[in-house]
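Enquirer:
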Amino acid sequence: MNFSPKLTRRTLIMGLSAFPVVAFAHAGHGAARVSADAKVLSAKQSWMRLKITILNLGSTPIVLHGLSASGASATPLPAPFEIGGFDGADVVFELTFQSLVPSAFTAQLDFAEHGSAPVLVAH
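For the sequence shown, the positions run -27 to -1, 1 to 96 when mature numbering (1 follows the signal peptide of the UniProt record, and there is no 0) is used.
(1) So, do the segment 48 to 60 and the segment 88 to 95 have three or more beta carbon pairs nearer to each other than 8 Å?
(2) So, is S89 buried or exposed, given that buried needs 16 or more other C-beta atoms within 10 angstroms?
(3) Which residue marks the beginning of the beta strand (DSSP E) containing residue 133, and which one marks its end?
(4) Any idea what DSSP makes of A42, helix, strand or coil?
(5) Report the CB separation of G39 from F70 in whole angstroms; it is logged as a contact under 8 Å.
(6) For the putative contact between Q18 and L73, defined by C-beta atoms under 8 Å, what is the C-beta separation to the nearest angstrom?
(7) To the nearest whole angstrom, what separates the beta carbons of V36 and F78, a pair I think is in contact under 8 Å?
(8) Beta carbon of G58, beta carbon of T33: below 7 Å?
(9) Return helix, strand or coil for A95, following the three-state DSSP convention.
And the structure:
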(Lines of atoms letter the chains of each structure in order from A and count residues from 1; the text may use other names and numbers.)
(Lines give C-alpha, C1' and ligand atoms only; values in the text may rest on other atoms or scores of the structure.)
Protein backbone atom coordinates (compact mmCIF):
# COMPACT_ATOMS: atom_id res chain seq x y z
CA MET A 1 0.00 0.00 0.00
CA ASN A 2 1.40 3.36 -1.01
CA PHE A 3 0.43 6.28 1.26
CA SER A 4 1.11 9.78 0.07
CA PRO A 5 -0.14 12.69 2.23
CA LYS A 6 -2.36 15.21 0.45
CA LEU A 7 -2.78 18.84 1.32
CA THR A 8 -6.52 19.34 1.31
CA ARG A 9 -8.42 22.54 1.91
CA ARG A 10 -9.59 21.17 5.26
CA THR A 11 -6.01 20.39 6.37
CA LEU A 12 -4.84 23.85 5.29
CA ILE A 13 -7.64 25.65 7.17
CA MET A 14 -7.10 23.54 10.30
CA GLY A 15 -3.35 24.24 10.19
CA LEU A 16 -3.69 27.99 9.66
CA SER A 17 -6.34 28.35 12.36
CA ALA A 18 -3.83 27.12 14.98
CA PHE A 19 -1.33 29.93 14.34
CA PRO A 20 -3.24 32.87 15.91
CA VAL A 21 -3.58 30.93 19.17
CA VAL A 22 0.19 30.45 19.33
CA ALA A 23 0.83 34.12 18.51
CA PHE A 24 -1.56 35.43 21.16
CA ALA A 25 -0.21 33.03 23.76
CA HIS A 26 3.32 34.31 23.11
CA ALA A 27 2.42 38.02 22.94
CA GLY A 28 1.01 38.09 26.47
CA HIS A 29 3.43 35.56 27.96
CA GLY A 30 4.88 37.76 30.71
CA ALA A 31 1.78 39.79 31.47
CA ALA A 32 -0.28 36.63 31.94
CA ARG A 33 1.43 36.30 35.33
CA VAL A 34 0.18 39.70 36.50
CA SER A 35 -2.91 40.57 38.51
CA ALA A 36 -4.09 44.19 38.50
CA ASP A 37 -6.86 46.06 40.29
CA ALA A 38 -7.97 49.67 39.74
CA LYS A 39 -9.35 52.11 42.29
CA VAL A 40 -10.65 55.53 41.28
CA LEU A 41 -9.25 58.08 43.74
CA SER A 42 -11.12 61.03 42.21
CA ALA A 43 -12.86 61.96 38.97
CA LYS A 44 -14.31 65.18 37.63
CA GLN A 45 -15.67 65.85 34.15
CA SER A 46 -12.86 64.67 31.81
CA TRP A 47 -10.15 64.09 34.47
CA MET A 48 -9.49 61.04 36.65
CA ARG A 49 -6.92 60.08 39.28
CA LEU A 50 -6.50 56.32 39.43
CA LYS A 51 -4.53 53.93 41.65
CA ILE A 52 -3.51 50.63 40.07
CA THR A 53 -2.43 47.80 42.38
CA ILE A 54 -0.25 45.32 40.50
CA LEU A 55 0.77 41.88 41.73
CA ASN A 56 3.57 40.07 39.91
CA LEU A 57 2.67 36.38 40.24
CA GLY A 58 5.83 35.25 38.44
CA SER A 59 9.33 34.71 39.79
CA THR A 60 11.07 37.19 37.45
CA PRO A 61 10.80 40.98 37.72
CA ILE A 62 8.56 42.87 35.29
CA VAL A 63 8.80 46.51 34.25
CA LEU A 64 5.74 48.73 33.84
CA HIS A 65 6.26 51.33 31.11
CA GLY A 66 2.86 53.01 31.20
CA LEU A 67 -0.90 52.85 30.96
CA SER A 68 -3.23 53.59 28.06
CA ALA A 69 -6.98 53.89 27.66
CA SER A 70 -9.04 54.58 24.57
CA GLY A 71 -9.91 58.27 24.26
CA ALA A 72 -7.56 59.34 27.07
CA SER A 73 -4.03 60.52 27.65
CA ALA A 74 -2.24 59.39 30.80
CA THR A 75 0.51 61.08 32.76
CA PRO A 76 3.72 59.29 31.79
CA LEU A 77 5.75 57.47 34.41
CA PRO A 78 8.92 59.43 35.30
CA ALA A 79 10.88 56.20 34.69
CA PRO A 80 10.01 52.57 33.99
CA PHE A 81 8.66 51.02 37.18
CA GLU A 82 10.07 47.60 38.18
CA ILE A 83 8.04 45.11 40.19
CA GLY A 84 10.02 42.19 41.61
CA GLY A 85 9.06 38.56 41.32
CA PHE A 86 6.21 37.58 43.66
CA ASP A 87 5.89 41.24 44.70
CA GLY A 88 3.29 43.97 44.42
CA ALA A 89 3.14 47.72 43.96
CA ASP A 90 0.72 50.63 43.73
CA VAL A 91 1.04 53.13 40.89
CA VAL A 92 -1.01 56.34 40.56
CA PHE A 93 -1.96 57.69 37.13
CA GLU A 94 -3.89 60.76 36.05
CA LEU A 95 -5.99 60.42 32.91
CA THR A 96 -7.48 63.18 30.80
CA PHE A 97 -10.26 62.08 28.47
CA GLN A 98 -11.34 63.80 25.27
CA SER A 99 -14.89 63.91 26.66
CA LEU A 100 -16.47 63.06 30.01
CA VAL A 101 -14.92 60.25 32.04
CA PRO A 102 -16.78 57.03 31.18
CA SER A 103 -18.41 55.11 34.03
CA ALA A 104 -16.46 51.98 33.03
CA PHE A 105 -13.58 51.29 30.64
CA THR A 106 -10.62 48.98 30.16
CA ALA A 107 -7.10 50.35 30.55
CA GLN A 108 -4.02 48.54 29.25
CA LEU A 109 -0.87 48.22 31.35
CA ASP A 110 2.24 48.24 29.12
CA PHE A 111 4.97 45.80 30.17
CA ALA A 112 6.97 46.24 26.91
CA GLU A 113 8.54 42.90 25.91
CA HIS A 114 6.40 41.10 28.49
CA GLY A 115 3.19 42.20 26.76
CA SER A 116 0.24 44.10 28.16
CA ALA A 117 -2.43 43.40 30.74
CA PRO A 118 -5.98 44.76 30.83
CA VAL A 119 -7.49 46.25 33.97
CA LEU A 120 -11.18 47.15 34.32
CA VAL A 121 -11.85 50.62 35.72
CA ALA A 122 -15.32 51.44 37.06
CA HIS A 123 -16.62 54.24 39.28
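Idealized CB from N, CA, C, for every residue including glycine.
Expert: So, from the listed chains and residues:
(1) no
(2) buried
(3) The chain is shown from -27 up to 96; residue 133 falls before or after that span and cannot be answered.
(4) strand
(5) Actually they are not in contact, since the Cβ atoms of G39 and F70 sit about 16 Å apart, beyond 8 Å.
(6) Sure, about 6 Å apart at Cβ, within 8 Å.
(7) The pair is not a contact, with the Cβ atoms about 24 Å apart (cut-off 8 Å).
(8) yes
(9) strand
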